[in-house]
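Notes for the one structure printed next.
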């Protein structure tokens with residue numbers, strides 16, 4: 005340990021860290037990182053030559069760069085579109101790589117990045133809000149709006165993780181939740197103001213398309229200033245890698261340098277977001293690859309990560325242009341990098357020591373209901389009253405009125421399918437969440453948070469694009485397969501850490517990011533099926549007809565009929581594998597059957613309300629905090645609560661801004677996001 009501290013004090017990493025990198029066999033040079041950077045640069049250069057050859061003969065390349073012939077449109081396009089795009093990709097990749105390295109150093113966490121601490125999402129949401137509500141703010145400079153949003157997101161992250169002393173892991177978890185919620189608010193804005201924000205949505209996915217050199221000239225001084233500030237703080241930032249007491253003993257002002265480092269990193273991220281939108285996972289990938297490549301000292305990382313980030317984004321953008329040809333300007337490169345970065349995060353999770361927090365479901369000290377049957381009856385009565393309101397009460401030509409008799413008949417034909425679909429979906433998500441929490445002993449487990457809903461959506465997407473006529477039964481089967489696959493991936497990652505909440509949540513966010521990136525790519529292509537998919541993602545029930553409602557309700561009834569068979573297992577599973585096997589239960593078969601039911605519940609409900617509502621997280625917690633501790637009463641309470649929340653969300657969405665509508669899934673997400681933050685705040 006003394007050797008490690010001495011190495012850090014001299015500007016390096018712990019001596020023991022060097023043994024983790026087999027690349028660093030030639031002195032202190034990060035040979036692996038240099039070779040990786042060289043390979044990326046070579047691939048990017050080759051792709052660039054290929055793209056240039058298609059657009060312009062090689063004899064005219066130098067002329068198009070220095071003094072293009074205005075009469076030759078090919079030279080004009082190369083000079084004012086192709087070359088600025090190349091420069092912007094290098095600048096943005098380098099800035100994100102540098103920002104990711106600083107964030108990981110300051111927060112002492114190998115998973116810290118612009119995406120995982122919520123900064124990119126906050127900056128983008130601020131730009132969207134300013135565009136919609138107060139465009140005059142953009143006149144002062146879009147970078148200031150993006151900076152304000154980024155710092156507000158960072159403030160929210162700190163507020164959520166303050167009770168744990170701003171520990172690195174708690175900061176990252178809070179950042180992931182803030183990112184999810186900011187994304188939900190952005191989706192709500194797009195639904196409500198589609199005509200104003202549709203183009204911003206595509207741009208926000210990370211569009212590098214350029215029409216002149218203005219963005220390059222705008223980025224250069226800003227990124228240069230922030231980078232210079234970071235390099236002037238190399239020594240104090242290096243000492244931040246020590247524990248707090250060790251850093252203070254060396255005379256380092258922890259608070260000042262942490263704030264300065266975070267401010268510089270956030271500024272870099274805000275500049276990139278305000279210029280080209282959100283470029284996913286480049287910051288995480290560049291910083292991680294630099295370390296794996298042997299960059300042990302912070303100074304080496306601050307050089308190699310920007311180089312790798314710039315080469316990575318340059319190569320990815322040129323690959324996009326090769327794959328799409330003339331459509332390359334319309335395809336968001338940021339979404340492509342998310343498709344590449346999410347698998348990287350999934351690969352890294354089992355290999356990184358994040359610390360562990362043992363599941364504590366059985367250790368929660370919560371009240372127990374003395375008369376659970378009476379409590380369930382009250383919840384059931386509240387659901388019945390809400391069903392009556394949803395079917396009978398709403399706005400009309402003469403204001404809000406109850407409809408009866410002949411006036412009710414035409415309204416029921418479109419009200420009851422939506423109510424039935426919302427009720428069934430909410431109940432199924434709640435039961436799936438309950439089963440996941442009891443299976444893993446993890447109070448943060450749910451289909452939405454763990455990426456299971458995203459897996460179901462991926463399965464449905466494959467069915468829509470691979471089959472010419474994918475009906476509801478085919479979509480349900482494909483969604484079930486996708487949900488089950490996502491379950492297996494998430495649990496395989498979390499198994500080493502005993503299904504600790506942190507690791508499972510990170511895996512779920514990676515799967516959700518993978519799905520989001522694919523959606524953005526498909527949406528940018530303009531395929532009409534992708535636009536229908538985007539509408540479905542928001543969780544709207546206004547496309548539900550009688551057949552779909554009856555099918556969803558029928559699936560719910562069948563799965564609920566199977567649920568009592570699992571209640572004994574769900575009472576025992578939280579006690580741990582030893583207790584389960586001691587009672588003669590086949591643990592592997594039990595887990596497999598529970599996972600299959602969870603996958604079917606998630607798939608059928610996701611087809612109705614979209615992949616992100618948080619019902620699966622909220623409803624079991626509400627039932628538990630009302631005192632329903634045994635599996636069967638908690639399951640009934642969670643099902644009733646989930647149905648009640650979704651029916652209320654659908655009714656609010658239909659009536660709040662009538663005649664316009666807000667999708668029920670979005671309403672539930674906007675309600676569920678703060679609940680998720682509250683649960684993290686209490687843990």
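In the numbering used here, the protein residues as written are 5 to 687.
Note that CB positions come from ideal geometry on N, CA and C, so glycine has one too.
Query                                                                                                                            : Result
Same chain, Cβ closer than 7 Å to residue 316, neighbours up to 5 away in sequence not counted                                   : 44, 97, 286, 289 and 290
Element boundaries [alpha helix (DSSP H), containing residue 406]                                                                : From DSSP, residue 406 is part of no alpha helix (DSSP H) but of the beta strand (DSSP E) over 403–406.
Distance between residue 242 and residue 111 (C-alpha atoms, nearest Å)                                                          : 12 Å
Contact check, residue 660 vs residue 666, beta carbons under 8 Å                                                                : yes
Assumed close pair residue 426, residue 668 - CB separation to whole angstroms, cut-off 8 Å                                      : 6 Å
Proximity below 8 Å, CB of residue 670 to CB of residue 543                                                                      : yes
Status (buried if at least 16 other CB within 10 Å, exposed otherwise) for residue 318                                           : buried
Rounded C-alpha distance that separates residue 377 from residue 638                                                             : 11 Å
Environment of residue 646 [buried if 16+ CB atoms lie within 10 Å]                                                              : buried
Nearest-angstrom Cα separation, counted from residue 57 out to residue 496                                                       : 46 Å
When 429, 462 and 664 are compared against residue 192, the one with the closest alpha-carbon                                    : 664
Extent of the continuous alpha helix (DSSP H) run through residue 609                                                            : 591–613
Coil, strand or helix - residue 261 by DSSP                                                                                      : helix
Assigned secondary structure, residue 398 (DSSP; H/G/I helix, E/B strand, else coil)                                             : strand
Beta-carbon proximity list for residue 679, same chain, < 7 Å, skipping 5 on both sides                                          : 618 and 622
Residue 411: first and last residue of the uninterrupted alpha helix (DSSP H) it sits in                                         : 409–444
Cβ contact (3+ pairs, closer than 8 Å) linking the region 86–93 and the region 118–132                                           : no
Sub-8 Å separation of residue 422 and residue 545 beta-carbons                                                                   : yes
Proximal residues to residue 591 (C-beta, below 8 Å), its chain only, five neighbours per side dropped                           : 581, 584 and 585
Rounded straight-line distance, which links the Cα of residue 239 to that of residue 102                                         : 16 Å
Nearest candidate by alpha-carbon position, reference residue 419, set 674, 313, 302 and 656                                     : 656
Straight-line Cα distance separating residue 650 from residue 406                                                                : 21 Å
Beta-carbon contacts of residue 80 that lie in its chain and below 6 Å, excluding the five residues immediately before and after : 72
Environment of residue 308 [buried if 16+ CB atoms lie within 10 Å]                                                              : buried
Residue 2 burial status per 10 Å Cβ neighbour count (16 or more: buried)                                                         : One cannot answer for residue 2 here, as it falls past the ends of the chain, which runs 5 to 687.
Own chain, CB closer than 7 Å to residue 41, minus 5 neighbours either side, in chain order                                      : 308, 311, 312 and 315
Secondary structure of residue 43, DSSP reduced to three states                                                                  : helix
Residue 165 beta carbon less than 8 Å from that of residue 125                                                                   : no
Helix, strand or coil at residue 138 according to DSSP, with G and I counted as helix                                            : coil
heavy atom of the ligand ZN below 7 Å from residue 228 C-beta                                                                    : Summarising the ligand content, the structure contains no ligands, and the ligand ZN is consequently not present.
Three-way DSSP call (helix, strand, coil) for residue 556 in this model                                                          : helix
Contacting residues, own chain, Cβ-Cβ under 6 Å from residue 94 (five flanking each side not counted)                            : 314 and 318
N- and C-terminal bounds of the alpha helix (DSSP H) containing residue 457                                                      : 456–470
Buried or exposed by the 16-neighbour rule on C-beta atoms within 10 Å, applied to residue 32                                    : exposed
DSSP state of residue 237 mapped onto helix, strand, coil                                                                        : coil
Through-space distance from residue 47 to residue 685, alpha-carbon basis                                                        : 45 Å
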